[in-house]
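Some notes on the structure that comes next.
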Amino acid sequence: MREGARILIPLLATALAAAACTGGGATPTAPNSQPASAPAANPGNPGSLPRNQTLYTTGTQWGPPANFNPIREWDSAVGTKGLVYETLFHYDPNAAKLTPWLAESGGWTSDTVYEAKIRTGITWADGQPMTAKDVVFSYELGKMKTVPFHNVWDWLKSVEAPDAQTVRFTFAKANYQEWDYNLYNRVVVPEHIWRGRSEEDVLNGVNDDPVGTGAYKFQSHDQDRVVLVKRDDWWGRTALKMDPKPKYIVDVATPSNEVALGMLLQKGMDLSNNFLPGVANLVKGNFGITSFYDQPPYMLSANTAWLVPNTTKKPMDDPAFRKALAASVDTKKIVEGVYGNLVKAAGPTGLLPQWDQYVDQGAVSQGGFSFDLAKAKKTLADAGYKDRDGDGLVEGKDGGKIDLTIIVPSGWTDWMEAARVIAGSAKAAGINVEPDFPDYNALVAKRGKGDFDLLLNNERGLSNSPWTYYDYMFQLPIQKTQNTVNFGRYENKAAWALVQRLDQVKTDDVAEMKSLTGQLQKIHLAELPIIPLWYNGLWAQSSVSVWKNWPSAAQGAPKTAPAMWRNWLELGGFETLTQLQPAAS
Numbered sequence: 013m014r015e016g017a018r019i020l021i022p023l024l025a026t027a028l029a030a031a032a033c034t035g036g037g038a039t040p041t042a043p044n045s046q047p048a049s050a051p052a053a054n055p056g057n058p059g060s061l062p063r064n065q066t067l068y069t070t071g072t073q074w075g076p077p078a079n080f081n082p083i084r085e086w087d088s089a090v091g092t093k094g095l096v097y098e099t100l101f102h103y104d105p106n107a108a109k110l111t112p113w114l115a116e117s118g119g120w121t122s123d124t125v126y127e128a129k130i131r132t133g134i135t136w137a138d139g140q141p142m143t144a145k146d147v148v149f150s151y152e153l154g155k156m157k158t159v160p161f162h163n164v165w166d167w168l169k170s171v172e173a174p175d176a177q178t179v180r181f182t183f184a185k186a187n188y189q190e191w192d193y194n195l196y197n198r199v200v201v202p203e204h205i206w207r208g209r210s211e212e213d214v215l216n217g218v219n220d221d222p223v224g225t226g227a228y229k230f231q232s233h234d235q236d237r238v239v240l241v242k243r244d245d246w247w248g249r250t251a252l253k254m255d256p257k258p259k260y261i262v263d264v265a266t267p268s269n270e271v272a273l274g275m276l277l278q279k280g281m282d283l284s285n286n287f288l289p290g291v292a293n294l295v296k297g298n299f300g301i302t303s304f305y306d307q308p309p310y311m312l313s314a315n316t317a318w319l320v321p322n323t324t325k326k327p328m329d330d331p332a333f334r335k336a337l338a339a340s341v342d343t344k345k346i347v348e349g350v351y352g353n354l355v356k357a358a359g360p361t362g363l364l365p366q367w368d369q370y371v372d373q374g375a376v377s378q379g380g381f382s383f384d385l386a387k388a389k390k391t392l393a394d395a396g397y398k399d400r401d402g403d404g405l406v407e408g409k410d411g412g413k414i415d416l417t418i419i420v421p422s423g424w425t426d427w428m429e430a431a432r433v434i435a436g437s438a439k440a441a442g443i444n445v446e447p448d449f450p451d452y453n454a455l456v457a458k459r460g461k462g463d464f465d466l467l468l469n470n471e472r473g474l475s476n477s478p479w480t481y482y483d484y485m486f487q488l489p490i491q492k493t494q495n496t497v498n499f500g501r502y503e504n505k506a507a508w509a510l511v512q513r514l515d516q517v518k519t520d521d522v523a524e525m526k527s528l529t530g531q532l533q534k535i536h537l538a539e540l541p542i543i544p545l546w547y548n549g550l551w552a553q554s555s556v557s558v559w560k561n562w563p564s565a566a567q568g569a570p571k572t573a574p575a576m577w578r579n580w581l582e583l584g585g586f587e588t589l590t591q592l593q594p595a596a597s
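Residue numbers for the sequence shown follow my numbering, so the first one is 13 and each next one is one higher.
Now the structure itself:
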């Protein structure tokens with residue numbers, strides 16, 4: 013989950029006061045990113061769109077829409093992928109299975125050949141038919157080195173269309189886990205429009221006239237919003253028996269949480285995917301606001317927040333030191349004090365609650381950790397880290413000072429507070445840690461180069477398989493710049509070999525998946541290259557004034573994902589749109 017924005021957190025009282033004088037729209041923000049200085053906006057012509065047919069959302073983008081390019085999954089305008097452009101499958105986390113989408117079916121015809129059958133009757137928004145050739149063209153874009161899914165061609169040999177409805181993928185080796193991930197993450201684009209585009213245009217083009225197969229198309233956009241309108245001729249109404257209820261979706265960029273909350277309370281916003289404090293007061297009060305749970309943690313879990321030690325630096329290269337550090341973290345103080353119980357403490361493995369079946373309880377019993385200052389101090393002493401000068405802080409085994417820094421981006425106020433808690437409890441155990449808050453871009457540069465001691469990170473979230481989690485943790489080889497995985501530069505060839513074996517296990521072989529993930533958990537808990545702390549929430553606060561039947565844990569309510577975050581529309585976000593009902597005529 014690389015996207016998201018984290019902005020100044022107001023007290024609920026302040027937000028409620030702001031609601032009284034805030035008139036509307038603005039510049040969105042998404043989970044875990046930096047505040048932006050994009051211009052604020054008015055609520056924006058409330059009479060221009062019929063309110064009872066319009067869904068207003070916020071919390072994904074925090075500035076003017078950058079592009080409408082579905083290849084750029086990380087910064088394209090909200091809905092580009094999932095509402096305008098579509099994928100072969102969706103993934104249902106509750107049923108733990110792929111849901112046919114553009115493909116009506118798919119399967120392995122041999123150990124290294126996968127065939128997908130494309131539905132008939134699908135048309136692009138310009139009326140042209142969508143066929144298997146469009147799928148072949150879209151996946152072959154990955155042959156361009158700068159395209160984000162270029163690495164699939166390390167093991168994919170060819171893609172061909174034997175007929176108009178069949179796509180055949182032939183692999184040099186079959187990475188089954190990774191392939192399922194690709195099936196619901198890679199968009200299909202129209203060959204008749206994209207053919208001939210340069211590599212620069214494919215990756216960096218704005219694509220300001222997007223033509224997709226999806227249920228919506230872009231109607232307009234401005235500095236602070238995008239407006240999508242439903243296609244009456246969308247193929248899925250008949251083929252999938254699905255019909256998203258809002259005729260219009262307006263995603264608004266809000267410049268602060270005060271504005272987002274004000275709009276929510278004033279019934280000018282229907283879904284906020286921002287991190288908002290004080291949710292308990294909102295849900296339990298008479299504000300017409302709902303969340304997935306009506307009690308802590310209020311939100312579904314979306315990703316794991318880890319403490320990442322730089323294992324190339326002393327003393328973080330010592331597993332004993334990392335274990336002592338893990339035992340020093342007062343996660344309960346973060347969960348309760350920083351988040352007000354809006355998040356859950358992570359288990360020692362860090363596997364999300366949706367992956368509970370893969371947690372090896374034997375491994376946890378043997379190698380798990382929890383907050384225990386006495387144990388942290390004993391672990392340090394037993395490993396040779398002692399306070400030689402009586403200042404209450406241990407020195408290294410060679411007698412040298414230990415002065416560590418934990419970095420999180422400036423402006424990510426909840427993570428800044430969490431870093432302060434971590435630093436304070438580490439000092440209580442005898443480890444000198446100081447928090448530091450560089451600019452986000454500066455942090456990214458430091459993180460990539462390995463120029464840090466400790467950092468917080470949550471780059472991998474919910475997916476079809478724990479393989480994505482362990483790929484993040486153990487991926488080799490270490491690159492000069494680590495852009496997306498293994499920021500701690502931990503090297504363990506045996507663990508990486510197990511991750512590769514896991515990738516090559518068919519996704520319905522749960523027993524083998526459990527066996528391999530169990531072995532990986534033993535290595536993880538013995539070595540702690542990353543230290544799981546808490547599960548970040550799938551931030552979602554919904555108003556029931558205009559739309560009702562939001563996903564919730566209540567009996568009979570939908571169990572889909574109430575999220576417009578990029579890449580979550582394929583994980584249940586789109587299905588949520590089909591479950592909504594008008595609150596009143």
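Using N, Cα and C, we set each Cβ at its ideal position, and we do this for glycine too. This one's a predicted model, so the numbers in the text were calculated from it and none came from an experiment.
Residue i, buried or exposed, once every other Cβ within 10 Å from all chains shown has been counted against 16
| i | result |
| --- | --- |
| W562 | buried |
| R198 | buried |
| T86 | As written in the sequence, residue 86 is Trp, which differs from the Thr given in the question. Counting Cβ neighbours within 10 Å, W86 comes out exposed, since fewer than 16 surround it. |
| D515 | buried |
| V536 | According to the sequence shown, residue 536 is His rather than Val. Answer is buried; the Cβ neighbour count reaches 16. |
| P489 | exposed |
| I19 | Confidence at I19 is low in this model, with a pLDDT of 33, below 50, so the placement of that residue should be treated as unreliable; the coordinate-derived value is given next. Under this definition I19 is a buried residue. |
| D463 | exposed |
| D523 | In the sequence on display, residue 523 carries Ala and not Asp. Exposed, because fewer than 16 other Cβ atoms sit within 10 Å of the Cβ of A523. |
| S88 | buried |
| D451 | exposed |
| P62 | exposed |
| K93 | buried |
Residue i versus residue j: straight-line alpha-carbon distance, rounded
| i | j | result |
| --- | --- | --- |
| T519 | A108 | 10 Å |
| F299 | G549 | 21 Å |
| V517 | P308 | 36 Å |
| T99 | F586 | 12 Å |
| N470 | Y260 | 32 Å |
| D426 | Y310 | 17 Å |
| K458 | F161 | 24 Å |
| R578 | K325 | 35 Å |
| G36 | A454 | With a pLDDT of 26 at G36, under the threshold of 50, the modelled position of that residue is not reliable, and the figure given next carries that caveat. For G36 and A454, the distance between alpha carbons rounds to 33 Å. |
| A596 | G226 | 27 Å |
| A78 | R84 | 10 Å |
| V214 | Y97 | 15 Å |
| V347 | E429 | 11 Å |
| D613 | L319 | Nothing about residue 613 can be read from this structure; the chain reaches only from 13 to 597. |
| A52 | F230 | Residue confidence is low: A52 scores 35 on pLDDT, short of 50, so the model does not pin down where it sits. Its coordinate-derived value is still stated next. Going from the Cα of A52 to the Cα of F230 covers about 22 Å. |
| F149 | P141 | 14 Å |
| S303 | P421 | 27 Å |
| P594 | L283 | 14 Å |
| P47 | T266 | With a pLDDT of 32 at P47, under the threshold of 50, the modelled position of that residue is not reliable, and no figure is offered here. |
| T111 | E212 | 33 Å |
| H204 | G584 | 30 Å |
| L363 | L277 | 35 Å |
| S340 | F449 | 21 Å |
| E270 | Q73 | 16 Å |
| L95 | Y502 | 38 Å |
| W424 | A431 | 10 Å |
Start and end residues, alpha helix (DSSP H) containing residue i
| i | result |
| --- | --- |
| F149 | A144 to E152 |
| P174 | Element bounds for P174: not the alpha helix (DSSP H) but the beta strand (DSSP E), L168 to D175. |
| L277 | N269 to L277 |
| N163 | Unbroken run through N163: none, as it is neither H nor E. |
| N579 | Careful: N579 lies outside any alpha helix (DSSP H) and carries neither H nor E. |
| F449 | Run containing F449: none; DSSP gives neither H nor E here. |
The beta strand (DSSP E) enclosing residue i, as first and last residue numbers
| i | result |
| --- | --- |
| H102 | F101 to D104 |
| L455 | Run containing L455: none in the beta strand (DSSP E); it sits in the alpha helix (DSSP H), Y452 to K461. |
| V125 | V125 to I130 |
| N315 | S313 to P321 |
Proximity test, Cβ basis, 8 Å: residue i and chain C
| i | result |
| --- | --- |
| D263 | Here there is only one protein chain, and chain C is not present. |
Quiz prompt | Given 8 Å, three or more beta-carbon pairs between the region 344-358 and the region 506-519 | solution = Result no; under three Cβ-Cβ pairs closer than 8 Å.
Quiz item: Three or more C-beta pairs closer than 8 Å, one from the region 171-189 and one from the region 229-237: is that the case here?
Solution: Output reads no: the region 229-237 does not touch the region 171-189.
Self-check item: the region 129-148 in contact with the region 158-178 per 3-pair CB rule at 8 Å
Solution: Yes, since at least three Cβ pairs between the region 129-148 and the region 158-178 fall closer than 8 Å, the two stretches touch.
Self-check item: Contact the region 406-417 vs the region 368-377: 3+ CB pairs below 8 Å
Solution: The region 406-417 is not in contact with the region 368-377.
Exercise. Indicate whether the contact test is met: 3 or more Cβ pairs, each with one atom in the region 347-355 and one in the region 288-296, closer than 8 Å.
Key: With the cut-off at 8 Å, the region 347-355 and the region 288-296 touch.
Quiz item: Should the region 397-417 be regarded as contacting the region 432-450, the criterion being three or more beta carbon pairs within less than 8 Å?
Solution: Of all C-beta pairs linking the region 397-417 to the region 432-450, three or more are shorter than 8 Å, placing the two stretches in contact.
Self-check item: Complete runs of the beta strand (DSSP E) confined to the region 402-443 [at least 3 residues]
Solution: Every beta strand (DSSP E) of 3 residues or more that sits fully in the region 402-443 is shown, in chain order, as 416-419.
Quiz item: Counting pairs of Cβ atoms below 8 Å between the region 241-253 and the region 161-171, do you hit three or more?
Solution: Output reads no: the region 161-171 does not touch the region 241-253.
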